[in-house]
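Worksheet: the structure to be examined is printed underneath.
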Amino acid sequence: MSSTRFVVLVILSMAMIIADVRYSVFSQVRPYLTLLVTPIQVVVNTPQKMFNWAGVHLASREGLVRENQSLQSEILLLRSRQQRLDSLQAENVRLRELLDASQRVDEKVVMAEVIGFDQNAYSHKLMIDKGFSSGAYVGQPVLDATGVLGQVVETAAYSSRVLLIADASHFVPVQLTRTGFRGILKGTGDLKRLELMSVPRSVDIKKGDILTTSGLDKRFPSGYPVGVVRGVKYTPGKAYADVDVVPLAQLGRSRHVMLIEKPGAGR
Numbered sequence: 382m383s384s385t386r387f388v389v390l391v392i393l394s395m396a397m398i399i400a401d402v403r404y405s406v407f408s409q410v411r412p413y414l415t416l417l418v419t420p421i422q423v424v425v426n427t428p429q430k431m432f433n434w435a436g437v438h439l440a441s442r443e444g445l446v447r448e449n450q451s452l453q454s455e456i457l458l459l460r461s462r463q464q465r466l467d468s469l470q471a472e473n474v475r476l477r478e479l480l481d482a483s484q485r486v487d488e489k490v491v492m493a494e495v496i497g498f499d500q501n502a503y504s505h506k507l508m509i510d511k512g513f514s515s516g517a518y519v520g521q522p523v524l525d526a527t528g529v530l531g532q533v534v535e536t537a538a539y540s541s542r543v544l545l546i547a548d549a550s551h552f553v554p555v556q557l558t559r560t561g562f563r564g565i566l567k568g569t570g571d572l573k574r575l576e577l578m579s580v581p582r583s584v585d586i587k588k589g590d591i592l593t594t595s596g597l598d599k600r601f602p603s604g605y606p607v608g609v610v611r612g613v614k615y616t617p618g619k620a621y622a623d624v625d626v627v628p629l630a631q632l633g634r635s636r637h638v639m640l641i642e643k644p645g646a647g648r
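Under the numbering used here, think of the first position of the sequence shown as 382, with each following residue one higher.
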């Protein structure tokens with residue numbers, strides 16, 4: 382029965398198609414039939430459209446992610462190059478300052494580069510690339526472009542160890558440039574603070590005063606800048622003032638230094 386119905390429907394459909402093609406029988410009702418078919422077409426085409434949209438969207442997103450990663454890498458590279466350029470410019474400035482400072486030094490100087498640091502809570506030393514083969518000797522003064530850095534305490538053939546003035550065991554005889562007062566500047570173990578010892582309350586000293594080497598120890602030549610007074614404190618009952626001093630040398634930051642060679646020293 383069902384097969385007979387199917388055959389009849391097929392024949393009827395063919396007859397309707399032929400009639401519509403030849404005589405346009407359904408031309409008047411075709412728009413209405415299209416309205417009935419449209420929802421079906423939408424339903425049938427929707428999965429394909431969604432698939433195509435998802436593919437395009439995912440491809441676009443992946444492209445954006447790749448582009449973003451590429452831009453991030455480029456930004457990091459540019460920042461790295463900028464930092465390197467800034468570092469080179471800063472180093473050039475330091476080298477020019479060091480060259481200018483060496484021209485102001487009366488004694489013979491040997492240029493050296495810092496190759497290592499040896500620091501703990503209270504001891505501060507650094508390693509330089511000049512040893513006794515270059516004329517370095519124990520007790521030799523070491524300066525950077527802005528002030529006294531320390532002195533050589535150990536030498537090898539091609540390297541030396543320098544004790545910084547901030548080390549708690551280091552002492553430098555100094556002189557107050559404004560008044561001529563002489564004293565002893567002691568390291569505190571803090572790279573940013575030195576202490577001027579045994580300063581009587583009657584001494585004329587104030588914030589901003591510059592301290593230079595006095596030359597009384599026969600080790601550091603006189604006249605080299607060491608530090609600037611940061612503060613003076615008077616405690617009731619104490620005979621001496623507490624004087625904090627900031628070192629002028631770039632302790633812990635200098636990359637290039639000068640070894641001062643005094644005539645006859647180290648021989």
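We treat Cβ as the ideally placed atom computed from N, Cα and C, and that holds for glycine.
Straight-line Cα distance separating residue j from residue i
i	j	result
M639	M492	5 Å
L393	S384	14 Å
Y605	E642	14 Å
F562	I546	20 Å
S515	P602	20 Å
V529	R634	13 Å
D598	E535	19 Å
D499	S441	55 Å
G497	V613	34 Å
R386	I399	20 Å
L653	S451	With the chain covering 382 to 648 only, the question about residue 653 has no answer from this structure.
G570	E455	43 Å
R600	H505	20 Å
S468	R447	Reliability of the predicted coordinates at S468 is poor, the pLDDT of 46 falling under 50, and the value obtained from them is presented with this limitation in mind. Distance between the alpha carbons of S468 and R447 is about 31 Å.
A396	M431	38 Å
L690	L544	Lying before the first or after the last residue shown, residue 690 is absent from the chain, which here runs from 382 to 648.
V388	E443	53 Å
R539	N449	Looking at the sequence itself, residue 539 is Tyr, so the reference to Arg does not match. Straight-line Cα distance between these residues: approximately 50 Å.
Sequence-distant residues of its chain with Cβ nearer than 7 Å to residue i (five each side left out)
i	result
Q349	Residue 349 cannot be examined here, being either before or after the span of the chain that is shown, 382 to 648.
V580	G564, I586, Y621, A622, V624
L629	T527, G528, P606, V607, G608, V609
M578	G564, I565, K567
Y615	R582, A622
8 Å Cβ shell around residue i - same chain, five flanking residues per side excluded
i	result
R611	R574, K588, D625, V626, V627
Whole-Å CB distance - residue i paired with residue j, under 8 Å assumed
i	j	result
S541	V553	19 Å between Cβ atoms; not a contact.
CB contact flag (residue i, residue j, <8 Å)
i	j	result
L592	L557	yes
D590	R559	yes
G512	A537	yes
V555	S595	yes
H551	G520	no
Environment of residue i [buried if 16+ CB atoms lie within 10 Å]
i	result
K489	exposed
P428	exposed
I509	buried
A517	buried
R648	Model confidence at R648 stands at a pLDDT of 47, short of 50, so the residue's coordinates are unreliable and nothing is read from them.
P522	buried
S461	Confidence is the limiting factor: at S461 the pLDDT is only 48, short of 50, which leaves the residue's position unreliable and the question unanswerable from this model.
Residues near residue i in its chain [Cβ-Cβ closer than 6 Å; skip 5 each side]
i	result
E494	D510, H637
E576	K567, T569
G618	none
Q453	none
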